[in-house]
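Just below is one structure, and these are the notes that go with it.
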């Protein structure tokens, strides 16, 4: 099959309906392509060939019997390897879970199964989603399809690279501080972090529970909208999930409504350290959005500069708590140990990689007696100030905020691995949204000649994914 | 016992003990350098007066949406959970002794 290139959910669904191809044909061709292409990219940690072909066959049979199917039926999707699919290995990118077999489906997987989607396999990630380059995976280094000497971004680098190289039609990732949006920007695909609470995290390996969200990757904004709509909604198994009524406006935005939006440009995001090429790309987007007829005005988010410190206190604190369950007792690998205490030391020592250990140590420290007030409690207060910055801007009549996604395009493999603080700075423009619980999307800047893609970020009001997805769809079609 | 040495640097070995993680001497040295740089960066927060600010303790100010308390049969098949045990005997989870 030669039409895998640029195959979107929309095109796939139309092709399936018009009998241009069957779901089985597409799935088979994709696995053939993955077998050769992924030797170079290394996006997948495992492939689910038998299961995928069985599911594709079911879709073809349902179609032949005249059943009405969802637009995701038969769509070949890649899943970040920190989400559980019953009966298959879920490593979280960590040695400690290298043989762990999921005993249940994550809610997002159950929802996609209801839509009859096809799961190609599990994608590479920084260990337990901790990183900005996918170099922290215990298994392999994923390469950027636009330049294999560069990183795909992270932590959802495998999902972003799989979609960017046409090995998957769409993918799921998770985003705690930018782990969907930064790789989307680096790989030239669309990636969205929904509002905190929009998508159930049941069956997602918890990293930092007050920040984590699952979200879609697609080749177009429209595809990201279709996938998001399918996974959103209240789930009694995640107490932070929330029911909202996402209507047709997610996938069919009204041009008139979108033209009425006001877009804010925060001065604090255009600072020293922003790559010149990124700055120019964002200027191009601003000009185009003005041309579309939207109002654009400068805004201020004065506490932006504190977001990195706040994040690197709150996130490790939650990491140190969440990862304490990985102690070799109930699942995962178990090292030889003479007693229980010894087992904890040995198992964590041997099972976790350096970045995970670094964050557990930092988190344990900021939560410890005597330092809690100075670090953790202080960070929680500043977190509120960061959230209030956004609230004030939205109250002033701004509907959508436009910023860069990352300060630079994709960097070289190995460039930042020695200096964690440098690596952490990659997420400086994405972190504030997680702290404030807001939805954000990374969309590739159109019409550039350069080899490496650059994304721009649209930030919406809570539960207003429709605004950022709508503006994104209008931008990509213009 | 203090977590900081007399230079107010983080004592990685002591915190690692609290977290029950075994570190190699190389890791200890590297983390000590990394983490002290990171803690240095955090000092910028002290310039903000936050006396009157209420801490934001979660992702949003929304209340958790809890379901009705009541008996629920676990949907997942127990034997699948047992299969993920690192060590078992007659279907029971086996752990090393607490005391030797």
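Protein chains in written order, with my numbering: chain W, 1 to 478; chain Y, 479 to 578. Ideal Cβ positions, reconstructed from N, Cα and C, are used throughout, including at glycine. Keep in mind it's a predicted model, so treat the numbers as computed, not measured.
Considered as a whole, the region 380–431 of chain W harbours 420–424 as its complete alpha helix (DSSP H) runs of no fewer than 4 residues, in chain order. The shortest CA-to-CA distance from residue 206 of chain W to any of W/175, W/135, W/217 and W/182 is the one to W/175. Residue nearest to residue 296 of chain W within the set W/58, W/203, W/128 and W/259 is W/259 (criterion: CA-CA distance).
Residues 470 and 473 of the same chain have their beta carbon placed closer than 6 Å to that of residue 253 of chain W, with the five preceding and five following residues left out of the count. Using a C-beta cut-off of 8 Å, the region 232–249 of chain W makes no contact with the region 130–150 of chain W, since fewer than three inter-stretch Cβ pairs fall below that distance. Secondary structure of residue 80 of chain W (DSSP, three-state): strand.
Under the three-pair Cβ rule at 8 Å, the region 103–122 of chain W counts as touching the region 65–85 of chain W. The Cβ of residue 140 of chain W sits no closer than 8 Å to any Cβ of chain Y. Our two residues, residue 372 of chain W and residue 431 of chain W, have alpha carbons roughly 22 Å apart in a direct line.
Put simply, the CB of residue 334 of chain W is near chain Y, with a gap under 8 Å to one of its CB atoms.
Around the beta carbon of residue 48 of chain W, 16 or more other beta carbons lie within 10 angstroms, which makes this residue buried. Within the DSSP bridge table, the entry for residue 213 of chain W names W/175 as partners.
Inter-segment contact for the region 152–159 of chain W and the region 108–119 of chain W is absent: fewer than three beta-carbon pairs are separated by less than 8 Å. In this structure, the alpha-carbon of residue 518 of chain Y lies about 29 Å from that of residue 351 of chain W. Between residue 167 of chain W and residue 61 of chain W, the C-beta spacing is not below 8 Å. Out of W/110, W/219 and W/92, the CA that lies nearest to the CA of residue 5 of chain W is found in W/219. Taking the beta carbon of residue 503 of chain Y as reference, no residue of chain W falls within 7 Å; the closest one sits roughly 12 Å away.
Residue range 307–322 is occupied by the alpha helix (DSSP H) that includes residue 315 of chain W. Only residues of its own chain outside the window of five on either side were considered, and among them 316, 317, 319 and 320 have a CB closer than 6 Å to the CB of residue 363 of chain W, listed in chain order. Chain-ordered, the chain W residues with CB closer than 7 Å to the CB of residue 520 of chain Y read 309, 313 and 375. In summary, the residues of the region 542–576 of chain Y whose CB is separated from some CB of chain W by less than 8 Å are 542, 543, 544, 545, 553, 554, 555, 558, 559, 561, 562, 563, 564, 565, 571, 573, 574, 575 and 576, in the order they occur in the chain.
For residue 27 of chain W, the uninterrupted alpha helix (DSSP H) run begins and ends at 23–41, by DSSP. Listed along the chain, the chain W residues whose CB falls inside 9 Å of the CB of residue 507 of chain Y amount to none; the nearest CB is some 12 Å away. Beta bridge pairing from DSSP links residue 46 of chain W with W/122.
Closest in alpha carbon position to residue 27 of chain W, among W/16, W/255, W/410 and W/56, is W/56. Interface with chain Y (8 Å Cβ-Cβ cutoff): residue 382 of chain W is included. Partner residues in a beta bridge of residue 363 of chain W, as assigned by DSSP, do not exist. Here residue 138 of chain W has 91, 93, 94, 95, 98, 127 and 353 as same chain residues with Cβ atoms under 8 Å from its own Cβ, once five neighbours each way along the sequence are excluded. For residue 472 of chain W, the uninterrupted alpha helix (DSSP H) run begins and ends at 465–477, by DSSP.
In summary, residue 551 of chain Y is exposed, with fewer than 16 beta-carbon neighbours lying within 10 Å of its beta-carbon over all protein chains present. Under the three-state reduction of DSSP, residue 368 of chain W is assigned to coil, being neither helix nor strand. For residue 13 of chain W, same chain residues with a beta-carbon under 6 Å away, outside a window of 5 residues either side, are 71 in chain order. Residue 456 of chain W: not part of any alpha helix (DSSP H); member of the beta strand (DSSP E) spanning 455–460, first to last residue. Looking at the backbone, the Cα of residue 404 of chain W and that of residue 304 of chain W are separated by about 13 Å. At the C-beta level, residue 257 of chain W and residue 200 of chain W stay beyond 8 Å of one another. At a cut-off of 8 Å, the C-beta of residue 242 of chain W has a neighbouring C-beta in chain Y.
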